[in-house]
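Take 10 as the starting number for the sequence shown in the working numbering and just add one per residue. Worksheet for the structure shown next.
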Amino acid sequence: MNVLITGNSSGLGLGFTEALMDREAIVWGMSRRGCPLKPRYDDVIRDRQQDLGDLNRLAEGLDRLLSDCLRLDLVILNAGILGRIQDLADTDVHDLEHLMRVNVWSNKLILDWLIERQLPVDQVVAISSGAAVNMSYGWGAYSLSKAALNNLVRLYAHEMPDTHLLALAPGLVDTAMQDYLCGEVDSEEFPSVQKLKDARGTEHMPDGHAAAEQILDCLPRLRDQSPSGDFVDIRQL
Ligand SMILES: NC(=O)c1ccc[n+]([C@@H]2O[C@H](COP(=O)([O-])OP(=O)(O)OC[C@H]3O[C@@H](n4cnc5c(N)ncnc54)[C@H](OP(=O)(O)O)[C@@H]3O)[C@@H](O)[C@H]2O)c1
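Take a look at the structure:
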C-alpha cells in the first residue's frame with residue numbers, strides 16, 4: 010500500500026505513519042520537521058522536509074519526493090495549523106492568508122500535481138474538522154479554512170472521477186494543537202473550548218496513533234458508501 014501523508018512529523022499525521030507501518034505500507038511524507046520514524050523505517054518511509062506554506066516550491070518538492078512512485082492507494086492531506094482563537098475582527102488578514110495557504114491552497118496544489126502527473130490515486134482524505142461547520146465564536150480563521158477545505162474536496166471530486174475524495178473530521182485528538190487550546194485559551198471568554206478541556210485525558214480524546222487506527226479502519230467502508238466529495242465527521246459514524 011502506497012500512502013502520501015502531509016504533516017507527519019507529529020500528532021495525527023505521525024499517528025497515521027505509525028499505524029501504517031504495522032499495515033506494511035510505504036509512506037511518503039512531507040512536513041517542515043520531518044518524520045521522526047524515518048531512521049527506524051528507512052526502507053519504507055520516504056521523507057521530505059518542506060514548508061507547505063511556500064506554494065512556489067511545492068511542485069518541485071513533490072517531484073523530488075514522489076519521483077519513483079507509480080501509484081498511490083491513499084493520500085492523506087493532514088497538515089494543518091490552528092491560528093489563534095480570537096475575534097475575527099482582531100485577526101490580521103496576512104495571518105489569515107498564511108493559514109489559508111497551509112490549510113487550503115497547498116492541498117489544491119497537491120491535487121493539481123497529482124492530476125497533471127496522471128499518477129493513479131485511489132483515495133484522498135483531507136483532514137477537516139467539526140470547526141468547518143460549527144462556526145463557534147473565536148474559531149474564525151480556522152473555521153474559514155476548514156470550510157474552504159471541505160468545499161475544495163467537493164469541487165475536486167468533479168475533476169478526479171477515478172479517485173474517491175473525502176473531507177473527514179477526525180474528532181478530538183490529543184496533539185500539540187490541544188496543548189494550545191486546553192492550556193492557553195480562556196474558556197470563559199471562548200466557551201466552546203471547555204468541552205475540549207473536559208475531554209482531555211479521557212477516551213473522548215485519543216492520541217494520534219489511536220485516532221489514526223480508528224480512521225484507517227473506517228476508510229474502506231467510507232470509500233464504498235460515501236459519495237466522493239462528501240464531508241464526514243468520524244463521531245457521527
Ligand atoms: N487535534 C485535534 O483535536 C484535531 C481536531 C480536528 C482536526 N484536526 C486536524 O488534524 C490535522 C493534524 O493536526 P494535529 O492535531 O495532529 O496537530 P499537530 O500535532 O500540530 O500537527 C500538525 C502537522 O502539520 C504539519 N504542518 C503544519 N504547518 C506546516 C507547514 N507550513 N508545512 C508543512 N507541514 C506543516 C506539522 O509539521 P511541521 O511542524 O513539522 O511542519 C505537523 O506534522 C490538522 O489538519 C488539524 O486541523 C485536529
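C-beta atoms are modelled at their ideal positions from N, C-alpha and C, and glycine is treated no differently. This one's a predicted model, so the numbers in the text were calculated from it and none came from an experiment.
8 Å contact criterion, which A98 and S137 should meet: CB distance rounded: Position 89 of the sequence shown, counting from 1, holds the residue named residue 98. Position 128 of the sequence shown, counting from 1, holds the residue named residue 137. Rounded, the Cβ-Cβ distance is 25 Å, inconsistent with contact.
Strand pairing of D239, partner residues [DSSP]: As a working note, residue 239 is residue 230 in the sequence shown. Looking at the DSSP assignment, D239 forms a beta bridge with L175.
Which residues in the same chain have their Cβ closer than 6 Å to the Cβ of D183, if we skip the five residues on either side of it in sequence? Taking the sequence shown and counting its residues from 1, the one referred to as residue 183 is at position 174. M214, D216.
For D188, which of helix, strand or coil comes out of DSSP? As a working mapping, residue 188 is identified with position 179 in the sequence shown. Residue state, collapsed to three classes: helix.
Presumed contact (8 Å Cβ cut-off) between N116 and L161, rounded CB distance: Numbered from its first residue, the sequence shown carries residue 116 at position 107. Numbered from its first residue, the sequence shown carries residue 161 at position 152. Indeed, because the Cβ distance is near 6 Å, the residues count as touching under 8 Å.
Tell me whether V53 sits in a helix, a strand or coil according to DSSP, three-state version. The count along the sequence shown starts at 1 and reaches residue 53 at position 44. Coil, per DSSP.
Using the Cβ count rule (16 or more neighbours within 10 Å means buried), how would you classify V36? Along the sequence shown, one-based indexing puts residue 36 at 27. Counting Cβ neighbours within 10 Å, V36 comes out buried, since at least 16 surround it.
Please work out which residues of its chain come closer than 6 Å, Cβ to Cβ, to Q59, disregarding the five sequence neighbours upstream and downstream, and give them in chain order. Position 50 of the sequence shown, counted from the first residue, corresponds to residue 59. Within the same chain, Q59 has close Cβ partners M39, G70.
Which of helix, strand or coil DSSP assigns to L81: As a working mapping, residue 81 is identified with position 72 in the sequence shown. In the structure shown, L81 sits in a strand (DSSP, three-state: E or B).
Would you check if the distance between the CB atom of K155 and the CB atom of A141 is smaller than 8 Å? Taking the sequence shown and counting its residues from 1, one reaches residue 155 at position 146. Taking the sequence shown and counting its residues from 1, one reaches residue 141 at position 132. Yes, the Cβ-Cβ distance between K155 and A141 is below 8 Å.
Would you call the region 184-200 and the region 39-54 in contact, with 3 or more CB pairs under 8 Å? no
State yes or no: is the C-beta of L175 within less than 8 Å of the C-beta of V134? Looking up residue 175 in the sequence shown gives position 166. Looking up residue 134 in the sequence shown gives position 125. Yes; because the gap between Cβ atoms is below 8 Å, this pair is in contact.
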